[in-house]
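Comments concern the structure below.
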Amino acid sequence: MTSIQVSERAATRIGQILKGEPDGTMLRVSVEGGGCSGFQYKFDMEREKAEDDIVIERNGAVVLIDSVSSQYLANSEIDFVDDLIGSSFKIINPNATASCGCGTSFSL
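In the UniProt record's numbering, the protein residues as written are 1 to 108.
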């Protein structure tokens, strides 16, 4: 089983976002090709989960990760940062060998 964590800050922010969405909406985190470093993280609202999705629940926040993306996110943490340059979700990924300045693109 792949270990992917959702921080307390991320769970709180996801919960706030989902309150404004229809009941049953979840946050999908995925990895796709592209970005300036080869792969990029993608965040979407989703109302249906696939059979092979990993479902992470914390404090009422529900995060879906497809099985292919979970391989790239193994042992990662989904966090939420709010600093001087803005607020955003941040993936702390020990598998990434490089990342870009924006923090949404990485390479393996």
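The beta carbon of each residue, even a glycine, is placed where N, CA and C say it ideally should be.
Computed from a predicted structure; not experimentally measured.
- prompt: Whole-angstrom Cβ separation of Ile4 and Ser70, contact assumed at under 8 Å?
  reply: Contact holds; Cβ gap of about 7 Å.
field: Own chain partners of Ala50 with C-beta closer than 7 Å, once the 5 adjacent residues on each side are dropped
entry: If we look at Ala50 and ignore the five residues flanking it on each side, its Cβ neighbours are Asp66.
message: Can you give me the C-alpha to C-alpha distance between Val81 and Glu32, rounded to a whole angstrom?
response: Approximately 22 Å between the Cα atoms of the pair.
message: Checking 9 Å against the spacing of the C-beta atoms, do Ala10 and Ile54 come in under that value?
response: Taking the C-beta atoms as reference points, Ile54 is found no nearer than 9 Å to Ala10.
query: How close, in whole Å, do the beta carbons of Asp52 and Arg28 come, if the pair is a contact with beta carbons under 8 Å?
result: Between the beta-carbon of Asp52 and that of Arg28 there is about 13 Å, and that puts the pair past the 8 Å contact cut.
- request: Please go through the segment 26-70 and give each complete beta strand (DSSP E) segment of 3 or more residues, from N-terminal end onward.
  value: Correct list: 26-33, 39-46, 54-58 and 61-65.
- request: Look up Glu8 in the DSSP assignment and say whether it is helix, strand or coil.
  value: It is helical.
- prompt: Taking the alpha-carbon positions, what's the Gly60 to Lys19 distance?
  reply: Straight across, the Cα-Cα distance linking Gly60 with Lys19 is about 10 Å.
message: According to DSSP, simplified to helix, strand and coil, what is residue 117?
response: Here the chain has residues from 1 to 108 only, and residue 117 is not among them.
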